[in-house]
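Written below as C-alpha cells is the structure these notes are about.
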Amino acid sequence: MSEVTVKSDQPEETLEQQASVYEMIREDIVSGRLGPNERLKVADLAEHYQTSTNPVREALQQLRGEGFVLIEPNRGARVRPIDADFVRDIIEIEMLIEPALTRWFVSIVSDADILELERIQAEIEALNFADPMLHGRLDTRFHQFIYDRHYNRHAAELWWKHREILRAISRRFPTSLSRRQSVLREHRDLIDRIRAQDADGAAAVVARHVEGSGRHIIEQMGVAQRSLRR
C-alpha cells in the first residue's frame, strides 16, 4: 500500500503569518491600542496588518477562545474590556484549578522532580527580576513542570491559556518590590510543602500565590488608571 501524505490546507507561510497576526492583535488589545469594545472588522484589520482576511479570521477565533475578543451574531467582533473584572474572573477560576493540579503532583512527585524545581527556582532567584521577560519564562516553567504532569489535560490546558493571558496583561506593569519578595518566598514554601508530602499545605500556598498575583495586577491597573486621570 502506498504511503499517503496529508498536507495542511494552508501553506506554511500562511500559518506563520496567522500566528504573527494573532500576536499583533493580542498585543494591541493588551496595550490598549485597540480599545475596550472597539469593533474589529476583518477587512480593516487585514489592511492594517498588511495581510489577507483569512489569517485575521483565524486570529480572532483564537483570541475569542482566550477571552480577548467577543463575537456576537449579526454584530461581529469587538474587543473585550481588559479590566479588573476580567482579571478577577480568571483568578477565581485559577484558585480552583491550580491547587487541584498541585495536590496531584504531590502524590506522584519524585526526588528528581524536587531537584528540578530547586534548579528552576535557583535560576529565578539568581535572575532576581533583572529581566522581566526571562523571569516570566522561568516562572512559567516552574509551574508548568508541576501542572503538566496531571492526567486531566483539559485542566492543564486551561491553566496554560489563563497563564498566557495574565502574563500578557502583566507585561504592562512593573512588579513591586513586595510582590517580588512574595513570589520568591511562596515558591520556596511550595517546594518545602511538596517535599514534605503536605498536599493540603502545598495547595494552600498555590492558592495564596495565585490570589496575590491577581491582586497585584488589579492594583497596578488601578494605579495606571489614576495616572491617566491626572
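Under full-length UniProt numbering, read the sequence shown as residues 1 to 230, first letter to last.
Note that beta-carbon positions come from the ideal geometry of N, C-alpha and C, so glycine has one too.
Here the alpha carbon of Glu38 sits roughly 12 Å from the alpha carbon of Asp44. In the structure shown, the three-state DSSP call for Val79 is strand.
Residue Lys161 holds the alpha-carbon nearest to the alpha-carbon of Ile93 among Lys161, Gly201, Arg229. Sixteen is the threshold: since fewer than 16 other Cβ atoms of the shown chains lie within 10 Å of the Cβ of Val223, the residue is exposed.
Where Leu70 is concerned, the enclosing beta strand (DSSP E) starts and stops at 69 to 72. When only Cα atoms are considered, Asp198 and Ser213 end up about 23 Å apart. Going by DSSP, Gln50 is part of no alpha helix (DSSP H) at all; its letter is neither H nor E. The distance from the Cβ of Gln121 to that of Arg188 is about 7 Å, consistent with a contact at the 8 Å cut-off.
Close CB contacts of Ser52 within its chain, under the 7 Å cut and outside five residues either way in sequence, are with Ala46 (chain order).
Your pair Thr140 and Arg163 checks out as a contact, with CB atoms roughly 6 Å apart and the cut at 8 Å.
Using a Cβ distance threshold of 9 Å, Arg57 and Leu70 do not count as a contacting pair. Three or more Cβ pairs closer than 8 Å define a contact, and the region 133 to 152 meets that threshold against the region 100 to 107.
Under DSSP, Arg39 takes part in a beta bridge, and its partners are Arg78.
The continuous alpha helix (DSSP H) containing Ser170 extends over residues 153 to 170.
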